[in-house]
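Chemist:
Protein chains in written order, with our numbering: chain U, 12 to 452; chain Z, 173 to 420.
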């Protein structure tokens, strides 16, 4: 157990007290109307630290008959769940000449089903060395967000999977060694940047990335060519199969942007459901594609639309077979108390059948209206994700208010819809209300 | 008699020269002079943005900004804490926003506003006026020039501007910003002339109001503007997460 984990263990009361005190005592309204500017207040310091504290309440209506509920093997999960959470994110940097240390830490405490659950993670902790504006290197745990898509990134070969409903959240990184070279030009090719990343996988380091005892290489070549962003991305190594792709982004008009990603997996290994609930593996070449647009109207409505073809996902028939196995397992469990089939389904789920966005074709749409009715810092939004293969979907309206300095308040409702044996019809939840309050410091 | 002749000739000479300068100064030359007086070619500066709501409450943002040449600019938010680390980059007509948690730059447009309120991205990442606008006409109104400016292309935030310039200092006083439809979008008012050093004497405050945001006001205060040589590579997507390293 690390020192940080020890310090943060038994947080239940402390975190809640601190959260409550900060929420109650901090006043976010700045009433300075003298228009003065003392720039010395903002002088750079070698040590910089910040972060936020978050309080969250969720009310969830569970989908008791859904496949994911059955895989939990909970005798009586209950049809509703209230969850309270507190989260602390600490980020900062320390710079000394050409060396800088960066960190991003997260600790959370969640109360649900009459018990406390806590997590503590170092999302990032790395040192950078800057030789000039052209070149730099880094060593340590760092998060990568490659790709141009808002909801999905098929070319994010060393990214952690993000939640398309919360694409702006920080994600845990991998321990890597990185070099970066940047060069600017005059002419059609304006900028070029080459990033190379070494990513080791052992039983103790990056063990969730892939097969252990392998050194992996990822590289990205970025070009700004004729006002178009282009990335060529490669991953090779034995922890995962080799893959390569490219992404592109460009403004067609000042308020209309198009983007896309293409990834090719020449030898992708996938687990399939076989006879009697047993699994088998098969290798094949797969293609993934993302096409998207972003449009802004004169009245500040931003629309993001994306189509995602997930070549590494499962077809509608393959998923139906899996849900059918869970259903048979549920009947077996109810009738005899035996969980043999559910155990097999659970194993398949861990191998890929229950990962998020495991289908083949999706549509993502997000509409956000900034400051309607002259209400500053107020943004209502609507997000929907539609599985084109099984016609199941999620729809998420929300309102966001950031008018109080350093505060962010978000109220959101998520509704999941789909018949049985569809992705959203078999999820753990039917709907969820979430209130989230953050205070930044 | 000779003295009177010299006096008359001198007066006539200065009148002719003065008139000659006024006639010789084409609108585009005046616009370039305005740019030259407003900022060095390559510089760094700090700005405070204040959004004031009708009930008097306000929200402030502090930005560190560097600019090079006519078309490269990057602005880093250093306050408040909720915005710290965000950076916006402009390369000619291209604009990107970097948010630390998102971890990658996203393309944005000039009419959006990353801070809310009356200022939009083009106000925050404003290039030289002469880089974006052509001066099509000019009127002299007393001690002021009134320039009619037209956007060079459709990617510029405002289709045309009406810029009032002080004839003596060649500094802007007011700028009315219009959409292509002729609708007034906002008016900018420059004030509080300040000596920033190295011969840079220019307004240190910019106020703006808009008929689209009745009762709202946004203010920009300028500080520590100074010449600085910067590498071109500072103005790239890969550098957006490192802009704070430029601060000294």
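Just so it is clear, CB atoms sit at the ideal spot from N, CA and C, and this is done for glycine as well.
Give me the subset of the stretch 207-224 of chain U whose CB atoms are less than 8 Å from a CB atom of chain Z, sorted by chain position.
Modeler: Under the 8 Å Cβ criterion, the stretch 207-224 of chain U contributes no residue.
Chemist: Check the DSSP bridge columns for residue 303(U) and list the partner residues they point to.
Modeler: Here residue 303(U) is taken as the residue at index 292 of the first chain, counted from 1. Per DSSP, 270(U), 317(U).
Chemist: Identify which residue in 89(U), 82(U), 53(U) has its Cα closest to the Cα of residue 70(U).
Modeler: Numbered from its first residue, the first chain carries residue 70(U) at position 59. With distances taken between Cα atoms, residue 70(U) lies closest to 89(U).
Chemist: Mind listing, in chain order, the continuous alpha helix (DSSP H) runs of no fewer than 4 residues lying wholly within the stretch 362-394 of chain Z?
Modeler: The stretch 362-394 of chain Z contains no whole alpha helix (DSSP H) run of 4 or more residues.
Chemist: Taking 8 Å as the cut-off, decide whether the C-beta atoms of residue 213(U) and residue 223(U) are in contact.
Modeler: Locating residue 213(U) in the first chain gives position 202, where the first residue counts as 1. Locating residue 223(U) in the first chain gives position 212, where the first residue counts as 1. In contact: residue 213(U) and residue 223(U) (Cβ atoms closer than 8 Å).
Chemist: My output table needs one value for residue 140(U): the three-state DSSP class, helix, strand or coil.
Modeler: In the first chain, the residue the question calls residue 140(U) occupies position 129. The answer is strand: DSSP assigns residue 140(U) an E or B state.
Chemist: Which residues in chain U sit within 7 Å of residue 404(Z), going by Cβ to Cβ distance?
Modeler: Mapped onto the second chain, residue 404(Z) falls at position 232. Neighbours of residue 404(Z) on chain U, chain order: 195.
Chemist: What alpha helix (DSSP H) runs, 4 residues minimum, are completely inside the stretch 307-357 of chain Z?
Modeler: DSSP runs (the alpha helix (DSSP H)) wholly in the stretch 307-357 of chain Z: none.
Chemist: So which residues of chain U does residue 225(Z) contact, with C-beta pairs closer than 9 Å?
Modeler: Here residue 225(Z) corresponds to residue number 53 of the second chain, with the count starting at 1. Those are 387, 414, listed as they occur along chain U.
Chemist: Taking the runs of the beta strand (DSSP E) that are 3 residues or longer, which of them lie wholly in the stretch 206-266 of chain U?
Modeler: The qualifying runs are 225-236, 239-247, 254-264.
Chemist: Using CA coordinates, which residue listed in 329(Z), 404(Z), 350(Z) is at the minimum distance from residue 193(U)?
Modeler: Locating residue 193(U) in the first chain gives position 182, counting from the first residue. Out of 329(Z), 404(Z), 350(Z), 404(Z) has the C-alpha closest to the C-alpha of residue 193(U).
Chemist: I need the DSSP call for residue 340(U), collapsed to helix, strand or coil.
Modeler: Looking up residue 340(U) in the first chain gives position 329. Of the three classes helix, strand and coil, the one that applies to residue 340(U) here is helix, per DSSP.
Chemist: Just to confirm my understanding: we take residue 387(U), look at its own chain, exclude 5 residues before and 5 after, and list those with CB closer than 8 Å. What are they?
Modeler: By one-based count along the first chain, residue 387(U) stands at place 376. These residues qualify, in order along the chain: 414.
Chemist: Does the distance from the C-beta atom of residue 275(U) to that of residue 303(U) stay below 8 Å?
Modeler: Counting from 1 along the first chain, the entry for residue 275(U) is found at position 264. Counting from 1 along the first chain, the entry for residue 303(U) is found at position 292. No, the Cβ-Cβ distance between residue 275(U) and residue 303(U) is not below 8 Å.
Chemist: Going by other Cβ atoms of all chains shown within 10 Å of its Cβ, with 16 needed for buried, is residue 216(U) buried or exposed?
Modeler: Within the first chain, residue 216(U) is the residue found at index 205, counting from 1. So residue 216(U) ends up on the exposed side.
Chemist: Between which two residues does the alpha helix (DSSP H) harbouring residue 355(U) extend?
Modeler: Sequence index remark: in the first chain, residue 355(U) carries index 344 (1-based). Element bounds for residue 355(U): 351-359.
Chemist: Please state if the CB of residue 115(U) and the CB of residue 140(U) are separated by a distance shorter than 8 Å.
Modeler: On the first chain, position 129 is the one that residue 140(U) refers to. On the first chain, position 104 is the one that residue 115(U) refers to. Result no, Cβ atoms of residue 140(U) and residue 115(U) do not sit closer than 8 Å.
Chemist: Need the endpoints of the beta strand (DSSP E) that residue 391(U) sits in, please.
Modeler: Position 380 of the first chain, counted from the start, is the residue given in the question as residue 391(U). 389-398 is the extent of the beta strand (DSSP E) around residue 391(U).
Chemist: Beta carbon of residue 379(U), beta carbon of residue 395(U): below 8 Å?
Modeler: Sequence index remark: in the first chain, residue 379(U) carries index 368 (1-based). Sequence index remark: in the first chain, residue 395(U) carries index 384 (1-based). It is not a contact, given that the beta carbons lie outside the stated cut-off.
Chemist: At which residues does the alpha helix (DSSP H) containing residue 205(Z) begin and terminate?
Modeler: For this step, residue 205(Z) is matched to residue 33 along the second chain. Taken as a continuous stretch (DSSP letters only), the alpha helix (DSSP H) holding residue 205(Z) covers 199-210.
Chemist: Taking the alpha-carbon of residue 270(U) as reference, which of 238(U), 355(U), 246(U) has the nearest alpha-carbon?
Modeler: As a first step, residue 270(U) is located in the first chain; it is residue number 259 there, counting from the start. Answer by Cα proximity: 238(U).
Chemist: Could you spell out the range, first to last residue, of the alpha helix (DSSP H) harbouring residue 304(Z)?
Modeler: Along the second chain, read from residue 1 onward, the residue named residue 304(Z) stands at position 132. Element bounds for residue 304(Z): 301-304.
Chemist: Determine, for residue 179(U), whether the minimum Cβ-Cβ distance to residues of chain Z falls below 8 Å.
Modeler: By one-based count along the first chain, residue 179(U) stands at place 168. Residue 179(U) counts as touching chain Z.
Chemist: Check each candidate in 352(U), 327(U), 171(U) and name the one with the smallest Cα separation from residue 186(U).
Modeler: On the first chain, residue 186(U) is found 175 positions in, with the first residue counted as 1. The candidate whose alpha carbon is nearest that of residue 186(U) is 171(U).
Chemist: Buried or exposed: which applies to residue 245(Z), given that a residue is buried once 16 or more other Cβ atoms fall within 10 Å of its Cβ?
Modeler: Counted from its first residue, the second chain places residue 245(Z) at position 73. So residue 245(Z) ends up on the buried side.
Chemist: So, are the CB atoms of residue 418(Z) and residue 240(Z) less than 8 Å apart?
Modeler: Residue 418(Z) sits at position 246 when you count from the first residue of the second chain. Residue 240(Z) sits at position 68 when you count from the first residue of the second chain. No, the Cβ-Cβ distance between residue 418(Z) and residue 240(Z) is not below 8 Å.
Chemist: Using a Cβ-Cβ distance under 8 Å, would residue 271(U) count as near chain Z?
Modeler: On the first chain, position 260 is the one that residue 271(U) refers to. It does not; no Cβ of chain Z falls within 8 Å.
Chemist: Could you tell me whether the Cβ of residue 214(Z) comes closer than 8 Å to any Cβ of chain U?
Modeler: Taking the first residue of the second chain as 1, we reach residue 214(Z) at position 42. Chain U contact via Cβ: absent.
Chemist: Is the Cβ of residue 301(U) closer than 8 Å to any Cβ of chain Z?
Modeler: Translated into positions along the first chain, residue 301(U) becomes position 290. It does not: the Cβ of residue 301(U) has no partner Cβ on chain Z nearer than 8 Å.
Chemist: Between the stretch 318-327 of chain U and the stretch 293-301 of chain U, can you find at least three pairs of beta-carbon atoms closer than 8 Å?
Modeler: At 8 Å Cβ cutoff, the stretches touch.
Chemist: Between the stretch 262-272 of chain Z and the stretch 288-299 of chain Z, do three or more beta carbon pairs fall short of 8 Å?
Modeler: Yes, the stretch 262-272 of chain Z touches the stretch 288-299 of chain Z.
Chemist: Going along chain U, which residues have a C-beta under 8 Å from residue 395(Z)?
Modeler: For this step, residue 395(Z) is matched to residue 223 along the second chain. Chain U residues near residue 395(Z): 48, 50.
Chemist: I need the straight-line Cα distance from residue 357(Z) to residue 349(Z), nearest angstrom please.
Modeler: As a working mapping, residue 357(Z) is identified with position 185 in the second chain. As a working mapping, residue 349(Z) is identified with position 177 in the second chain. Looking at the two C-alpha atoms, the distance is approximately 6 Å.
Chemist: Evaluate residue 238(Z) with the Cβ neighbour count: other Cβ atoms within 10 Å of its Cβ, from every protein chain shown; 16 or more gives buried, anything less gives exposed.
Modeler: The residue given as residue 238(Z) occupies position 66 in the second chain. Label assigned to residue 238(Z): buried.
Chemist: For residue 200(U), which residues from the same chain have a beta carbon less than 6 Å from its beta carbon, with the 5 sequence-adjacent residues on both sides left out?
Modeler: For this step, residue 200(U) is matched to residue 189 along the first chain. Within the same chain, residue 200(U) has close Cβ partners 236.
Chemist: What are the boundary residues of the alpha helix (DSSP H) that includes residue 78(U)?
Modeler: Here residue 78(U) corresponds to residue number 67 of the first chain, with the count starting at 1. It spans 78-82 - the alpha helix (DSSP H) in which residue 78(U) sits, taken as one unbroken run.
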